[in-house]
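Comments concern the structure below.
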Amino acid sequence: MDEQLPLTGVKIVDLSTYAAVPAAARILADWGANVIKVESFKGDSWRRYGEIAQVPCTEDENPCWDVNNSNKRSISLNLRTEKGMEILHRLLADADVFMTNYRMTALRAMSLTWKVLHQTYPRLIWGHLSGYGNKGPEAERPGFDIAAFWARSGLMQDYGQPGMAPLTPFHAVGDMATGSIMAGGLCAALYKQARTGKGDKVEISLLGTASWLTGFPAVAAQKAYGNVYPRKRNEQPSPVCIPYECADGEWLELCIMDYERYYPALCHILDLDTLIDDERFNTFAAVQCHAGEFIDLVQRAFLKKKRADWGPVLTAADIVYDNVGHFRDITENQQAWANGNLYERHFNNGRSAVLPNTPITFEEARRPASPAPLLGEHSREILREYEYTDEEIEEYIARGIVRDHEET
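If you're matching positions, the sequence shown starts at 1 in UniProt numbering and goes up one per residue.
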């Protein structure tokens with residue numbers, strides 16, 4: 001382990017499934033933490049997510065599994081057995097952080113709640129993710145990203161156009177955001193642990209993340225302010241913060257926050273100099289009253305050139321814009337490559353895929369992404385570290401307490 005990484009020496013037990021908590025654990029692993037992923041004999045269901053994403057999900061090639069499980073080790077335990085729970089508790093006794101998304105009913109049945117573990121291991125940090133939070137009438141309700149994050153928040157409905165069906169987002173965008181925030185919360189708890197020697201309870205929910213990330217539209221949509229969503233493109237509050245189509249059918253997104261400063265330059269670029277002194281458009285208050293007219297004029301101007309021709313002149317005028325891209329463009333983005341946001345994962349079957357790195361970088365070190373573990377790949381290795389003998393390990397495997405990948 002690189003001693004320059006900030007979380008070197010931190011030990012984490014990751015008893016989680018699907019995407020959000022594993023993403024948080026991946027981030028902490030990239031920052032140097034020793035993350036042990038505890039899985040059932042069936043393994044985390046996310047190992048098979050490729051069936052939904054329509055990409056391979058075999059042991060030889062499983063890119064979606066790599067995204068939020070790289071730089072971890074896997075131990076497979078039968079937690080329905082007394083000995084399996086005993087092994088888990090040996091891991092917890094030596095850990096700094098325990099993180100999970102198991103439902104509270106399951107955690108209570110397994111005696112893995114904050115109250116129980118804090119009494120047993122006072123310095124252990126307990127991190128938990130739920131769909132809707134651990135209080136209130138929906139506390140026990142199961143939740144996934146598309147439901148608790150996308151659907152409940154209004155993102156699916158109000159980011160579209162009036163009369164459109166709700167958006168059908170790709171899975172796990174909300175999970176990845178939630179996991180990123182969870183990683184920050186756990187780091188804050190680690191700082192407290194270092195100061196006081198005591199653990200803390202760190203809770204987060206998909207609904208809570210959605211409430212935070214949609215804070216500005218949620219404020220604007222309150223009845224007191226009279227705003228109604230969704231809105232048509234020509235009804236947006238700022239006509240210079242919307243996408244425009246270009247001559248080649250591609251779109252670019254303007255993002256001019258200081259309207260009156262950049263308005264003359266925009267008019268000049270678009271060959272609309274006659275509008276510079278037009279009182280319908282030359283102040284932000286005025287253009288909001290005539291947004292539809294202005295959008296029509298600007299749209300006609302953008303349709304005169306291809307998107308690639310507009311970029312240099314907008315940049316020269318210091319006007320913020322970007323191309324409206326596609327998912328397929330991300331892995332070919334040279335700026336992302338230049339900043340280390342992407343890497344090429346080479347699989348055992350000879351194929352490769354471009355995968356994202358976690359986005360934070362540090363001056364002194366970066367942990368390269370190692371392949372995400374196979375189910376039970378490190379069971380023997382981890383048990384030996386915790387002073388189980390080879391004879392005990394073989395016995396546990398034979399008795400169905402531990403699963404080792406070599407035995408499957």
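The beta carbon of each residue, even a glycine, is placed where N, CA and C say it ideally should be.
Cα-Cα separation between residue i and residue j, rounded to whole angstroms
i: Val173; j: Cys57; result: 19 Å
i: Leu190; j: Lys198; result: 9 Å
i: Gly160; j: Leu167; result: 7 Å
i: Arg26; j: Glu332; result: 23 Å
i: residue 455; j: Ser211; result: Residue 455 cannot be examined here, being either before or after the span of the chain that is shown, 1 to 408.
i: Ile397; j: Ile382; result: 14 Å
i: Asp248; j: Asn234; result: 21 Å
i: Thr361; j: Thr274; result: 48 Å
i: residue 416; j: Leu206; result: Residue 416 is absent from the model: the chain starts at 1 and stops at 408.
i: Ser379; j: Arg403; result: 7 Å
i: Phe281; j: Asp318; result: 20 Å
i: Asp38; j: Ser45; result: According to the sequence as given, residue 38 is Val; it is not Asp. Between Val38 and Ser45, the C-alpha separation is close to 13 Å.
i: Gly340; j: Val354; result: 12 Å
i: Ser70; j: Tyr49; result: 16 Å
i: Lys42; j: Asp200; result: 31 Å
i: Leu79; j: Met104; result: 16 Å
i: Leu213; j: Glu392; result: 49 Å
i: Gln119; j: Ile125; result: 12 Å
i: Ala369; j: Ala93; result: 28 Å
i: Trp310; j: Ile269; result: 9 Å
i: Ala177; j: Trp337; result: 21 Å
i: Leu77; j: Tyr343; result: 32 Å
i: Thr8; j: Trp31; result: 7 Å
i: Leu129; j: Gly400; result: 29 Å
i: Glu385; j: Glu3; result: 20 Å
Status (buried if at least 16 other CB within 10 Å, exposed otherwise) for residue i
i: Pro237; result: exposed
i: Phe302; result: buried
i: Phe149; result: buried
i: Ile330; result: exposed
i: Val97; result: buried
i: Asp175; result: buried
i: Ala106; result: exposed
i: Val35; result: buried
i: Thr196; result: exposed
i: Arg367; result: buried
i: Thr209; result: buried
i: Gln334; result: exposed
i: Gln193; result: buried
i: Val202; result: buried
i: Asp145; result: buried
i: Lys72; result: buried
i: Met164; result: exposed
i: Arg123; result: exposed
i: Gly179; result: buried
i: Thr315; result: exposed
i: Pro359; result: exposed
i: Asp66; result: buried
Inter-residue CB distance, residue i and residue j (contact presumed, cutoff 8 Å)
i: Ile276; j: Cys267; result: 5 Å
i: Ala109; j: Asn68; result: About 26 Å; that fails the 8 Å criterion.
i: Pro162; j: Lys223; result: Not really, about 18 Å apart at Cβ, beyond 8 Å.
i: Pro239; j: Val298; result: 7 Å
i: Pro142; j: Gly131; result: 6 Å
i: Glu61; j: Arg351; result: 6 Å
i: Glu260; j: Phe284; result: 6 Å
i: Arg307; j: Asn323; result: 6 Å
Option nearest residue i by Cα separation, candidates the options
i: Glu82; options: Pro264, Gln157, Met104, Ser111; result: Ser111
i: Lys304; options: Asp271, Ile382, Ile295, Val324; result: Asp271
i: Ala29; options: Val10, Ser45, Arg380; result: Val10
i: Ile295; options: Leu129, Ile401, Val21, Pro243; result: Pro243
i: Tyr321; options: Phe327, Pro312, Arg328; result: Pro312
i: Pro371; options: Pro356, Arg103, Ile87, Pro264; result: Pro356
i: Gly325; options: Arg261, Asn341, Trp251, Gln54; result: Trp251
i: Ile204; options: Gly127, Met156, Leu342; result: Gly127
i: Met99; options: Ala308, Ala365, Leu15; result: Leu15
i: Leu5; options: Glu391, Thr389, Glu363, Ile401; result: Glu363
i: Ile52; options: Phe170, Ser40, Arg90; result: Phe170
i: Thr389; options: Ile87, His346, Asn349, Ala365; result: Ile87
i: Leu91; options: Thr113, Val13, Tyr102; result: Val13
i: Asn101; options: Ala20, Gly215, Asn323; result: Ala20
i: Ala291; options: Cys241, Glu395, Phe327, Leu375; result: Cys241
Heavy atom of the ligand NAD within 6 Å of residue i beta-carbon
i: Glu86; result: Because no ligand of any kind appears in the structure shown, any question about the ligand NAD cannot be addressed here.
(request) Spell out a yes or no on whether the region 185–200 and the region 255–262 are touching, meaning 3 or more CB-CB pairs, one atom from each, closer than 8 Å. (result) Cβ pair count under 8 Å is below three, so no.
(request) Determine, using beta-carbon pairs with one atom in the region 132–147 and one in the region 214–225, whether at least three such pairs fall under 8 Å. (result) Touching, no.
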